[in-house]
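S.K.:
2 protein chains.
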Amino acid sequence: MRDLESRTAERRFLFPFTGKAVAPAPVWLMRQAGRYLPEYRKVRAQAGSFLKLCYSPELAAEVTLQPIRRFGFDAAILFSDILVVPDALGQTVRFEEGEGPRLDPIRALDDLGRLALSKTGAKFSLVCETVARLRQDLPRETALIGFCGAPWTVATYVVEGRGSADQSAARHWAYRDPQGFSQLVELLTDASIEYLSGQVRAGADALQIFDSWAGSLADDQFERWVIAPTAKIVQAMRARHPGVPIIGFPRGASAMLTRYIEATGVDGVSCDTSCPLGVMQKKARSGTVVQGNLDPLLLLTGGDALDRRVEEICASMNGLPFVFNLGHGIVPDTPPENVARVVERLRAKG
Amino acid sequence: MRDLESRTAERRFLFPFTGKAVAPAPVWLMRQAGRYLPEYRKVRAQAGSFLKLCYSPELAAEVTLQPIRRFGFDAAILFSDILVVPDALGQTVRFEEGEGPRLDPIRALDDLGRLALSKTGAKFSLVCETVARLRQDLPRETALIGFCGAPWTVATYVVEGRGSADQSAARHWAYRDPQGFSQLVELLTDASIEYLSGQVRAGADALQIFDSWAGSLADDQFERWVIAPTAKIVQAMRARHPGVPIIGFPRGASAMLTRYIEATGVDGVSCDTSCPLGVMQKKARSGTVVQGNLDPLLLLTGGDALDRRVEEICASMNGLPFVFNLGHGIVPDTPPENVARVVERLRAKG
Chain A
39 MRDLESRTAE
49 RRFLFPFTGK
59 AVAPAPVWLM
69 RQAGRYLPEY
79 RKVRAQAGSF
89 LKLCYSPELA
99 AEVTLQPIRR
109 FGFDAAILFS
119 DILVVPDALG
129 QTVRFEEGEG
139 PRLDPIRALD
149 DLGRLALSKT
159 GAKFSLVCET
169 VARLRQDLPR
179 ETALIGFCGA
189 PWTVATYVVE
199 GRGSADQSAA
209 RHWAYRDPQG
219 FSQLVELLTD
229 ASIEYLSGQV
239 RAGADALQIF
249 DSWAGSLADD
259 QFERWVIAPT
269 AKIVQAMRAR
279 HPGVPIIGFP
289 RGASAMLTRY
299 IEATGVDGVS
309 CDTSCPLGVM
319 QKKARSGTVV
329 QGNLDPLLLL
339 TGGDALDRRV
349 EEICASMNGL
359 PFVFNLGHGI
369 VPDTPPENVA
379 RVVERLRAKG
Chain B
39 MRDLESRTAE
49 RRFLFPFTGK
59 AVAPAPVWLM
69 RQAGRYLPEY
79 RKVRAQAGSF
89 LKLCYSPELA
99 AEVTLQPIRR
109 FGFDAAILFS
119 DILVVPDALG
129 QTVRFEEGEG
139 PRLDPIRALD
149 DLGRLALSKT
159 GAKFSLVCET
169 VARLRQDLPR
179 ETALIGFCGA
189 PWTVATYVVE
199 GRGSADQSAA
209 RHWAYRDPQG
219 FSQLVELLTD
229 ASIEYLSGQV
239 RAGADALQIF
249 DSWAGSLADD
259 QFERWVIAPT
269 AKIVQAMRAR
279 HPGVPIIGFP
289 RGASAMLTRY
299 IEATGVDGVS
309 CDTSCPLGVM
319 QKKARSGTVV
329 QGNLDPLLLL
339 TGGDALDRRV
349 EEICASMNGL
359 PFVFNLGHGI
369 VPDTPPENVA
379 RVVERLRAKG
């Protein structure tokens with residue numbers, strides 16, 4: 039692994055994390071590798087299933103690289119899925135076309151025996167192999183972001199067996215039997231630490247923790263199921279891999295952002311579309327790297343509406359530690375030209 | 039219509055809106071009339087369809103009264119649905135069992151001709167008849183809350199034709215053609231004003247505006263589609279019915295709460311489950327009546343977990359202008375005993 043300082047020096051994405059002002063702002067987009075790209079759809083078809091794609095280092099690396107070739111983003115994000123962790127732990131995950139993930143739900147402590155940290159080796163290794171390939175194949179100036187789902191968000195799928203509107207199965211278990219539920223969350227936390235650590239060892243420059251369902255919890259539950267496990271992951275990464283920036287994405291929890299930053303120790307926060315620019319500004323002013331938060335629908339709309347909002351976001355975050363991104367993932371119908379347009383406009387600010 | 043002051047004097051729910059401290063806090067629960075009550079299911083079966091129940095003054099009044107008889111809440115909320123407005127405007131709404139609402143979607147300006155304010159009379163009158171019956175049948179000490187969906191939230195159903203995870207159809211139209219979309223929102227705003235005004239004339243003591251999908255909008259869109267129409271409704275109500283308290287419920291938008299309160303002029307805000315108690319405290323300290331925000335799932339769980347959280351919420355809001363409520367509606371599996379338990383515990387604080 040190359041020396042951290044020298045990596046940072048050549049990768050603009052990492053500048054804001056050292057407190058350096060950087061103009062134009064570095065840019066990458068959540069789900070920048072994906073169905074909106076025809077070259078992705080080709081590889082996806084070749085892979086067979088979605089999870090097979092995640093576990094094929096050559097193909098996963100290829101789709102990770104595609105948007106870098108097209109748009110020259112400042113960071114690539116490992117192509118994978120947050121459900122790799124429960125899948126590797128032994129809870130078989132299936133992706134049904136157009137239906138989203140399906141898992142045999144784990145609803146109570148008795149079911150937890152189906153999962154074991156000892157099972158994760160083979161699948162985690164495949165993902166780390168993708169990371170290692172990527173670090174070799176990426177341009178020197180492109181940072182590589184590794185990631186995992188936050189334990190809370192992954193738990194919602196583990197317990198519900200699928201996506202859900204209000205995560206009620208997991209939330210209800212957490213109320214009914216907090217001790218039992220905490221065993222699930224701890225297992226996911228420990229697995230996430232191993233998983234992220236493997237990604238860093240394989241060459242990831244930074245990490246993002248996706249907590250897509252952080253916004254459904256009351257504040258006391260947020261402390262216990264979002265903040266505590268995230269803080270544990272951050273502490274473990276600090277101890278094992280000092281200097282690797284960690285970005286948290288507690289989606290839908292803008293009202294808890296200050297507490298989240300202080301209590302988890304993340305270096306940066308990714309802000310969802312609904313996070314007010316004023317809140318982002320405030321956080322960035324107090325030294326946290328802020329990422330966000332263009333509405334992905336504006337990439338569908340294009341034109342003046344898109345340009346105007348890009349302008350507004352950049353003006354708000356000007357001179358602050360900021361990474362331009364979306365507030366949520368790119369949607370499949372997005373015209374790639376609109377993505378190119380945003381990158382061009384950002385770069386023109388240099 | 040009786041004099042406002044004398045009504046306020048005898049209805050504890052209204053006290054916090056006059057700046058009076060009140061212990062124990064007044065209490066009502068969102069969806070307190072509903073499927074968790076066996077007596078509701080009986081009337082619901084008798085009515086045939088869900089919307090027929092909304093449009094049958096006798097039956098709608100009966101189900102509104104049921105939870106008052108059982109639990110003695112400080113306020114009754116008119117039994118109706120936020121989609122009465124588009125239904126009355128001419129966009130036929132169907133409720134399919136276990137499937138949620140279905141509407142023939144209005145996706146662009148050309149479709150808007152299907153809706154007209156002039157059509158609303160008959161259906162709005164039926165709802166107002168329910169209100170008038172209720173004001174006669176309710177105990178003198180029970181306040182009656184009228185309501186509507188906020189124009190933004192109703193528009194998401196009008197455009198999507200059903201509930202959706204991210205309200206993308208409406209959000210996309212708003213980006214693509216803000217002028218056209220604003221015509222829809224204005225029509226819904228004007229209809230809501232007539233609808234609420236009719237409810238106040240028929241005897242509603244207070245109003246709540248439900249903006250369930252306020253949390254999916256970027257801040258600039260929030261200004262235009264949440265704040266502006268809500269402010270217009272509040273201004274119109276102030277002019278027509280001074281002194282009738284208005285509560286806004288911008289669900290999922292806790293990070294925009296300060297702006298929402300200042301810019302709309304609502305007297306109170308209902309806070310969803312994820313709103314931190316610290317934020318609620320702050321708003322109440324600056325004089326806004328705050329309602330909330332017990333997690334409805336705790337009414338399923340019951341026991342110590344329920345008691346503890348009720349205690350925490352009350353302790354946070356002690357001495358402040360506060361109405362105890364849920365952060366979202368009661369879920370159908372809720373044991374009525376748990377509702378009774380909460381009301382008893384609150385009253386024991388008197």
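Chains A and B, in that order, are what the protein sequence lines are. Numbered per the numbering used here, the first sequence finishes at 388, counting up by one with no gaps. Numbered per the numbering used here, the second sequence finishes at 388, counting up by one with no gaps. In this text, a Cβ means the ideal position worked out from N, Cα and C, and glycines have one as well.
How should residue 356 of chain A be labelled, buried or exposed, when 16 other C-beta atoms within 10 angstroms of its C-beta is the threshold for buried?
M.R.: Looking up residue 356 of chain A in the first sequence gives position 318. Exposed is the call here.
S.K.: Give every residue of the same chain whose Cβ lies closer than 8 Å to the Cβ of residue 265 of chain A, excluding the five residues on either side of it in the sequence, and list them in chain order.
M.R.: Within the first sequence, numbered from 1, the residue matching residue 265 of chain A stands at position 227. Once the five neighbours on either side are set aside, the close Cβ partners of residue 265 of chain A are 297, 298, 301 and 302.
S.K.: Flag this pair as touching only if the stretch 179–188 of chain A and the stretch 107–115 of chain A have three or more C-beta atom pairs under 8 Å; answer yes or no.
M.R.: Short answer: they touch.
S.K.: Less than 8 Å between C-beta atoms, sequence neighbours within five positions excluded: which residues of the same chain meet that for residue 48 of chain B?
M.R.: For the purposes of this step, residue 48 of chain B is identified with residue 10 of the second sequence, where counting begins at 1. Hits under 8 Å: 178 and 179.
S.K.: Spell out whether any CB of chain B is found under 8 Å from the CB atom of residue 314 of chain A.
M.R.: Residue mapping note: residue 314 of chain A aligns to position 276 of the first sequence, counting from 1. True, the Cβ-Cβ gap to chain B drops below 8 Å.
S.K.: For residue 99 of chain B, tell me which candidate among B:368, B:345, B:167 and B:361 has the shortest Cα-Cα distance.
M.R.: On the second sequence, position 61 is the one that residue 99 of chain B refers to. Residue B:167 is the option with its Cα nearest to residue 99 of chain B.
S.K.: Tell me whether the beta-carbon of residue 139 of chain B lies closer than 8 Å to the beta-carbon of residue 121 of chain B.
M.R.: Along the second sequence, read from residue 1 onward, the residue named residue 139 of chain B stands at position 101. Along the second sequence, read from residue 1 onward, the residue named residue 121 of chain B stands at position 83. Yes.
S.K.: Apply the 10 Å Cβ neighbour rule to residue 39 of chain B and answer buried if 16 or more other Cβ atoms are within range, or exposed otherwise.
M.R.: Within the second sequence, residue 39 of chain B is the residue found at index 1, counting from 1. With a pLDDT of 45 at residue 39 of chain B, under the threshold of 50, the predicted position of this residue should be treated as unreliable, though the coordinate-derived value follows. Exposed.
S.K.: Pull up the DSSP beta-bridge partners for residue 249 of chain A, would you.
M.R.: One-based indexing of the first sequence puts residue 249 of chain A at position 211. Answer is A:288.
S.K.: Shorter than 8 Å from the beta carbon of residue 286 of chain A to some beta carbon of chain B?
M.R.: Reading the first sequence from its first residue, position 248 is the one you call residue 286 of chain A. No, its Cβ sits nowhere closer than 8 Å to a Cβ of chain B.
S.K.: Spell out the partners DSSP gives residue 139 of chain B in its beta bridges.
M.R.: The count along the second sequence starts at 1 and reaches residue 139 of chain B at position 101. Beta-bridge pairing links residue 139 of chain B to B:133.
S.K.: Out of curiosity, what's the CA-to-CA distance linking residue 321 of chain A and residue 59 of chain A?
M.R.: Position 283 of the first sequence holds residue 321 of chain A. Position 21 of the first sequence holds residue 59 of chain A. Cα-Cα distance, rounded: 15 Å.
S.K.: So what does residue 306 of chain B bridge to, in DSSP terms?
M.R.: The residue you call residue 306 of chain B lines up with position 268 of the second sequence. In the DSSP output, where bridge partners are listed per residue, residue 306 of chain B has B:285 and B:327.
S.K.: For residue 244 of chain B, list the residues DSSP reports as bridge partners.
M.R.: Start at 1 with the first residue of the second sequence, and residue 244 of chain B comes out as number 206. Its beta-bridge partners are B:183.
S.K.: Measuring only the C-alpha atoms, how far is residue 9 of chain B from residue 70 of chain B?
M.R.: There is no way to answer for residue 9 of chain B, as the model of chain B reaches only from 39 to 388.
S.K.: How is the beta strand (DSSP E) around residue 369 of chain B delimited, first residue to last?
M.R.: As a working mapping, residue 369 of chain B is identified with position 331 in the second sequence. Here residue 369 of chain B belongs to no beta strand (DSSP E), and DSSP marks it neither H nor E.
S.K.: Thinking residue 363 of chain B and residue 66 of chain B are a contact (beta carbons under 8 Å), I'd like their distance in whole angstroms, please.
M.R.: Counting from 1 along the second sequence, the entry for residue 363 of chain B is found at position 325. Counting from 1 along the second sequence, the entry for residue 66 of chain B is found at position 28. So it is a contact: roughly 6 Å between Cβ atoms.
S.K.: Do residue 365 of chain A and residue 290 of chain B have their beta-carbon atoms positioned less than 8 Å apart in this structure?
M.R.: Along the second sequence, read from residue 1 onward, the residue named residue 290 of chain B stands at position 252. Along the first sequence, read from residue 1 onward, the residue named residue 365 of chain A stands at position 327. Result no, Cβ atoms of residue 290 of chain B and residue 365 of chain A do not sit closer than 8 Å.
S.K.: Could you list which residues in chain B have their beta carbon closer than 7 Å to that of residue 311 of chain A, in chain order?
M.R.: For the purposes of this step, residue 311 of chain A is identified with residue 273 of the first sequence, where counting begins at 1. Within chain B, the residues near residue 311 of chain A are 256.
S.K.: Determine the direct distance from the alpha carbon of residue 76 of chain A to that of residue 341 of chain A, and round the result to whole angstroms.
M.R.: As a position in the first sequence, residue 341 of chain A is number 303, starting the count at 1. As a position in the first sequence, residue 76 of chain A is number 38, starting the count at 1. About 22 Å.
S.K.: Against chain A, does residue 317 of chain B count as a neighbour if the rule is that its beta carbon must be under 8 Å from one of theirs?
M.R.: In the second sequence, the residue the question calls residue 317 of chain B occupies position 279. Yes - at least one Cβ of chain A is within 8 Å of the one on residue 317 of chain B.
S.K.: Roughly how many angstroms separate the alpha carbons of residue 64 of chain A and residue 224 of chain B, rounded to a whole number?
M.R.: One-based indexing of the first sequence puts residue 64 of chain A at position 26. One-based indexing of the second sequence puts residue 224 of chain B at position 186. Whole-angstrom Cα-Cα distance: 40 Å.
S.K.: Do residue 63 of chain B and the ligand MN come close, with the Cβ less than 7 Å from some heavy atom?
M.R.: Of ligands this structure carries none, so the ligand MN is not represented either.
S.K.: Figure out for me which residue from B:354, B:347 and B:360 has the closest Cα to the Cα of residue 213 of chain A.
M.R.: Reading the first sequence from its first residue, position 175 is the one you call residue 213 of chain A. For residue 213 of chain A, the nearest C-alpha among the options comes from B:347.
S.K.: Run through the DSSP bridge pairs and tell me what residue 115 of chain B is partnered with.
M.R.: For the purposes of this step, residue 115 of chain B is taken as residue 77 along the second sequence, with counting starting at 1. Per DSSP, B:183.
S.K.: Answer with yes or no whether the minimum CB distance from residue 206 of chain B to chain A is below 8 Å.
M.R.: The residue labelled residue 206 of chain B in the question sits at position 168 within the second sequence. Interface residue, yes.
S.K.: Applying a beta-carbon distance threshold of less than 9 Å, which residues of chain A neighbour residue 112 of chain B?
M.R.: For the purposes of this step, residue 112 of chain B is identified with residue 74 of the second sequence, where counting begins at 1. Those within 9 Å of residue 112 of chain B in chain A number zero; the least Cβ separation is about 23 Å.
S.K.: Taking the C-alpha atoms as reference points, what is the distance between residue 369 of chain B and residue 210 of chain A?
M.R.: Position 331 of the second sequence, counting from 1, holds the residue named residue 369 of chain B. Position 172 of the first sequence, counting from 1, holds the residue named residue 210 of chain A. Whole-angstrom Cα-Cα distance: 12 Å.
S.K.: With a threshold of 8 Å between beta carbons, is residue 125 of chain B in contact with chain A?
M.R.: Taking the second sequence and counting its residues from 1, the one referred to as residue 125 of chain B is at position 87. Chain A, which has no Cβ nearer than 8 Å to the Cβ of residue 125 of chain B, makes this no.
S.K.: With 8 Å set as the bound, which would you pick, yes or no: does the beta-carbon of residue 106 of chain B sit closer than that to a beta-carbon of chain A?
M.R.: Residue numbering aside, residue 106 of chain B sits at position 68 when the second sequence is read from its first letter. Judged by the 8 Å Cβ criterion, residue 106 of chain B is not in contact with chain A.
S.K.: If you reduce the DSSP assignment to three classes, tell me which class residue 380 of chain A lands in.
M.R.: As a position in the first sequence, residue 380 of chain A is number 342, starting the count at 1. Three-state result, residue 380 of chain A: helix.
S.K.: Beta carbon of residue 155 of chain A, beta carbon of residue 196 of chain A: below 8 Å?
M.R.: Here residue 155 of chain A refers to the residue found at position 117 of the first sequence. Here residue 196 of chain A refers to the residue found at position 158 of the first sequence. Cβ atoms of residue 155 of chain A and residue 196 of chain A: not closer than 8 Å.
S.K.: Using 8 Å for Cβ pairs, my map puts residue 259 of chain B next to residue 308 of chain B. What's the rounded Cβ distance?
M.R.: Along the second sequence, one-based indexing puts residue 259 of chain B at 221. Along the second sequence, one-based indexing puts residue 308 of chain B at 270. Incorrect: roughly 21 Å between the Cβ atoms, too far for contact.
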